[in-house]
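One structure is given here, and the rest of the page talks about it.
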Amino acid sequence: MAKNQTIKSVKGTTDFYPEEMALRTWLYNRIRQLSESFGYEEYEGPMLETFELYAAKSGEELVEKQSYVFEDRGGDKIALRPELTPSLARMVAKKQGQLNFPLRWWSFGPFWRYERPQKGRTREFFQWNIDMVGLDSPESDAELIIIAAEFLKGFGLTSKDVQIKINHRALMQEQLVKLGISEDLIPPAFQLIDKKDKLKFEKWQDYAIEIGFSNNQLDQLNELLDNKELWKESETLSRIFEIVEAYGLSDYVSFDFSIIRGLLYYTGTVFEAWDTGGEHRAIFGGGRYDNLVGDVGGNPISGVGFAVGNLVLSLILEQMGLTPDYSKTPADVFVTVFSEELMLESIKIGQELRSAGIKTASHLKLSKLGSQFKYADRIGARLALVFGPDEFDADEVKIKNLQSGDQIAVKRDQLVNKITDLLE
RNA sequence: GUGGGUAUAGCUCAAUAGGCAGAGCUCCGCACUGUGGAUGCGGUGGUUGAGGGUUCAAAUCCCUUUACCCACCCCA
4 MAKNQTIKSV KGTTDFYPEE MALRTWLYNR IRQLSESFGY EEYEGPMLET FELYAAKSGE
64 ELVEKQSYVF EDRGGDKIAL RPELTPSLAR MVAKKQGQLN FPLRWWSFGP FWRYERPQKG
124 RTREFFQWNI DMVGLDSPES DAELIIIAAE FLKGFGLTSK DVQIKINHRA LMQEQLVKLG
184 ISEDLIPPAF QLIDKKDKLK FEKWQDYAIE IGFSNNQLDQ LNELLDNKEL WKESETLSRI
244 FEIVEAYGLS DYVSFDFSII RGLLYYTGTV FEAWDTGGEH RAIFGGGRYD NLVGDVGGNP
304 ISGVGFAVGN LVLSLILEQM GLTPDYSKTP ADVFVTVFSE ELMLESIKIG QELRSAGIKT
364 ASHLKLSKLG SQFKYADRIG ARLALVFGPD EFDADEVKIK NLQSGDQIAV KRDQLVNKIT
424 DLLE
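Position in the first sequence (from 1) plus 3 gives the number in my numbering.
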């Protein structure tokens, strides 16, 4: 079939063929296990939300340019969710009186952002979100950072491969005020700091002057950015580092005054994880948000959490050879068909094995034994069964080990036991 | 939204200066009608992304267009 005749997939979406799906499921299972080990419960929000939910607080770029928005048949403005935290806030606000705080919740699902796809970025992607809502303390910030570090460590990534960089928005604000930066210059100042590593130094300085920094303030800002001990000025960060150290994970976590986070709703601790080579974009990002539940109509309640996309993480893991081998074994046992007369009996044999909990695929048409073995080998089956006239007369089934080529005959009534033994 | 690159068989890629569109792998068949992987032989598979132009002749040169990739922006 000619390529230009196949119907195209939607730009920026991913087809999960069995191999890719195996990776996704593997990732999901690790996430579930880790989340549950810290006592977090799985939840899920809708893929569709009102546009209004994001309009307030998610940040202009994300809402105005990157959201999939459409009008439904009733005329309501609907968005495909570009992130989960607002949905979480909405769900918490809705049942606020009935929930046991602090909540420890996690989720893994699809998100959509209308962007130009490139390496580590697609329009449809998956995210792990994990949040604690209803407890505002350095200890709760630290727990999320610990989970993040354990997550990375669990894959075999070392502190030399990845780093979690943390900062605190209140600390930044304080320090900027100390420089005599006026209230309305603070948001642009955050942007400026965010751009420090992205622009050439001279350009960055020009930009600073342009938004209203004095030369003196600029010098002082540079001093701030070079100050690796600045976190000591923040009680919260000090406590977080203390706890992280108690967990033996200090290597993974470092202070970085340039971590800002684009989303507007973060109010306290903010953190991101990066590969130390600086080759990829951020692996995850998160932080504390004080006002979000209040913003969607609930009583103000604080939360902290982070989101990990599947793409950058997968790229890094694959690059470092930390993904599992996908030994493709959809079926451990493959039952061949010898002849028209014996086909039903072969299918029955397959059914017996399945009843015993053995993953079994049956051949469903007459064809040469050779091609049946070939197929069995290709799908990764470990054993192939032959049931022909000779076996029928002797009340036996032949079991062939597809790796070694050895073949044995067993009595029909011992087949399940024998195969169970062989597969162990 | 801005900039760069690529497009030839299912996949990876060739095709001198414009001159018969090819190879490897895969797939299918046979050697091997009760046994897969190895080997050998044979075969299927193409409107060279699409549309137009120049030319005796276009995968190749020109124009238009689409898709994909990469970077910026932004972010997971």
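Note that beta-carbon positions come from the ideal geometry of N, C-alpha and C, so glycine has one too.
Please identify the residue among the options whose C-alpha is closest to the C-alpha of residue i.
i	options	result
Lys377	Ser349, Glu399, Val400, Phe337	Phe337
Tyr117	Glu205, Ala152, Glu86, Arg357	Glu86
Asp398	Phe41, Arg284, Ser305, Ser349	Ser349
Phe104	Phe111, Ala96, Gly251	Ala96
Ile319	Asp79, Leu51, Ala276	Ala276
Val307	Met323, Ser143, Phe73	Ser143
Please report how far the alpha carbon of residue i lies from the alpha carbon of residue j, in whole angstroms.
i	j	result
Val413	Gln36	41 angstroms
Arg385	Leu345	23 angstroms
Gly391	Gly360	24 angstroms
Ile243	Ser253	10 angstroms
Gly281	Arg93	35 angstroms
Asp393	Gln354	21 angstroms
Lys6	Glu213	Only weak support is given to the placement of Lys6: the predicted model assigns it a pLDDT of 35, under 50, and the value that follows is read from those uncertain coordinates. When rounded, the distance between both Cα atoms is 52 angstroms.
Gly159	Leu325	7 angstroms
Ala38	Ala192	Looking at the sequence provided, one finds Ser at residue 38 rather than Ala. Near 36 angstroms, if we compare the C-alpha coordinates of Ala192 and Ser38.
Met4	Val296	In this prediction, Met4 has a pLDDT of 31, which is less than 50 and means its spatial position is unreliable; what the coordinates show is noted afterwards. Their backbone Cα atoms lie some 53 angstroms apart in a straight line.
Lys203	Tyr43	43 angstroms
Lys14	Glu127	9 angstroms
Tyr255	Ile34	19 angstroms
Ala285	Gln178	25 angstroms
Does residue i come out as helix, strand or coil in the three-state DSSP assignment?
i	result
Asp373	Strictly speaking, residue 373 in this sequence is Gly, with Asp absent from that position. Helix.
Leu405	coil
Ser38	helix
Ala5	Residue confidence is low: Ala5 scores 35 on pLDDT, short of 50, so the model does not pin down where it sits. Its coordinate-derived value is still stated next. DSSP places Ala5 in coil when its eight states are reduced to three.
Gln99	helix
Ser241	helix
Asp139	coil
Ser110	strand
Glu348	helix
Ala334	coil
Gly301	coil
Lys11	coil
Tyr250	coil
Thr279	coil
Asn132	strand
Arg291	strand
Gln121	strand
Lys80	strand
Under 8 angstroms between the Cβ atoms of residue i and residue j?
i	j	result
Leu388	Lys371	no
Tyr210	Leu233	no
Leu240	Phe260	no
Phe114	Ala82	no
Trp131	Glu45	no
Legend entry - Meets three-Cβ-pair contact criterion under 8 angstroms: the region 283-298 and the region 133-148: yes
Legend entry - At least three beta-carbon pairs within less than 8 angstroms, the region 114-125 to the region 311-322: yes
Legend entry - Cβ contact check for the region 165-176 and the region 264-278: 3 or more pairs under 8 angstroms: yes
Legend entry - Contact between the region 213-232 and the region 174-190 (3+ Cβ pairs under 8 angstroms): yes
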